[in-house]
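> The following block contains the structure, expressed as structure tokens.
Residue numbers (this note's numbering): 10 to 195.
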């Protein structure tokens, strides 16, 4: 199985989770490619907020992997900006071959994941991700949210390691539509 991990990380927290996911998939014997999404210009947290409110999009450097059709699973990483980060949203709009692909979202947040779900921030993040991926024909399968500040809920904690393992297992398990099932019959 081929896996693509594409992520944007402003403070390296999301990158650390991406590398932990890569390690998990490689230990299972999968072929993994990693794509770091880079905006043309990096901004502060408040500048990104302003750009999201005013311009609603940003430019990114051309990705190395423009066609994801050769991958079985695509993992997308983003910081939690109450919605999908602008560089990741732009990346998802630019790549080709997302149709019928199993896609997972992983994100980092300053607070504990349970708090983010409680204050609705994580719901909005997952909603924007699901909306963009579904519009492009992909299949949102799973999501993972870990803390970048609280050690008991980060990627190195027992909680984080278990969540990463569950995330990878769920993406690894194929979920097929009736159409795929019947087309696969001989």
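Positions of the beta carbon are idealized from the N, C-alpha and C atoms, including for glycine.
Please check the pair residue 111 and residue 180, which I expect to be a contact at CB under 8 Å, by giving their CB distance rounded to whole angstroms.
As a first step, residue 111 must be located in the chain shown, where it is residue number 102. As a first step, residue 180 must be located in the chain shown, where it is residue number 171. Yes, residue 111 and residue 180 are in contact; Cβ-Cβ is about 6 Å, under 8 Å.
> Please state whether DSSP places residue 40 in a helix, a strand or coil.
Here residue 40 refers to the residue found at position 31 of the chain shown. In this structure, residue 40 counts as strand in the three-state DSSP scheme.
> Would residue 141 and residue 101 be called neighbours here (beta carbons separated by less than 7 Å)?
Taking the first residue of the chain shown as position 1, residue 141 is located at position 132. Taking the first residue of the chain shown as position 1, residue 101 is located at position 92. Yes, the Cβ-Cβ distance between residue 141 and residue 101 is below 7 Å.
> Report buried or exposed for residue 63, applying the criterion of at least 16 other Cβ atoms within 10 angstroms of its Cβ.
In the chain shown, residue 63 corresponds to position 54, counting from 1. Exposed, since its Cβ has fewer than 16 Cβ neighbours within 10 Å.
> Taking DSSP's pairing of strands, which residues face residue 156 in a bridge?
Here the question's residue 156 lines up with position 147 in the chain shown. According to DSSP, which records beta bridges pairwise, residue 156 is partnered with 118.
> Could you check which residue in 97, 11, 109 and 77 has the C-alpha nearest to that of residue 39?
Start at 1 with the first residue of the chain shown, and residue 39 comes out as number 30. Minimum Cα distance to residue 39 is reached at 11.
> Taking a contact to mean a Cβ-Cβ separation below 7 Å, would you say residue 96 touches residue 69 in this structure?
On the chain shown, position 87 is the one that residue 96 refers to. On the chain shown, position 60 is the one that residue 69 refers to. The answer is yes: Cβ separation under 7 Å.
> Can you grab the Cα-Cα spacing for the pair residue 182 / residue 49, in whole Å?
Residue 182 sits at position 173 when you count from the first residue of the chain shown. Residue 49 sits at position 40 when you count from the first residue of the chain shown. Rounded to whole angstroms, residue 182 to residue 49 spans 36 Å at the Cα level.
> What are the boundary residues of the beta strand (DSSP E) that residue 88 is part of?
The residue given as residue 88 occupies position 79 in the chain shown. Taken as a continuous stretch (DSSP letters only), the beta strand (DSSP E) holding residue 88 covers 82-88.
> Give me whichever residues DSSP pairs with residue 72 in a beta bridge.
For this step, residue 72 is matched to residue 63 along the chain shown. DSSP output for residue 72 lists no bridge partner at all.
> Hey, would you say residue 120 sits closer than 7 Å to residue 91, going by beta carbons?
Indexing the chain shown from 1 puts residue 120 at position 111. Indexing the chain shown from 1 puts residue 91 at position 82. No, these two residues do not count as a Cβ contact at 7 Å.
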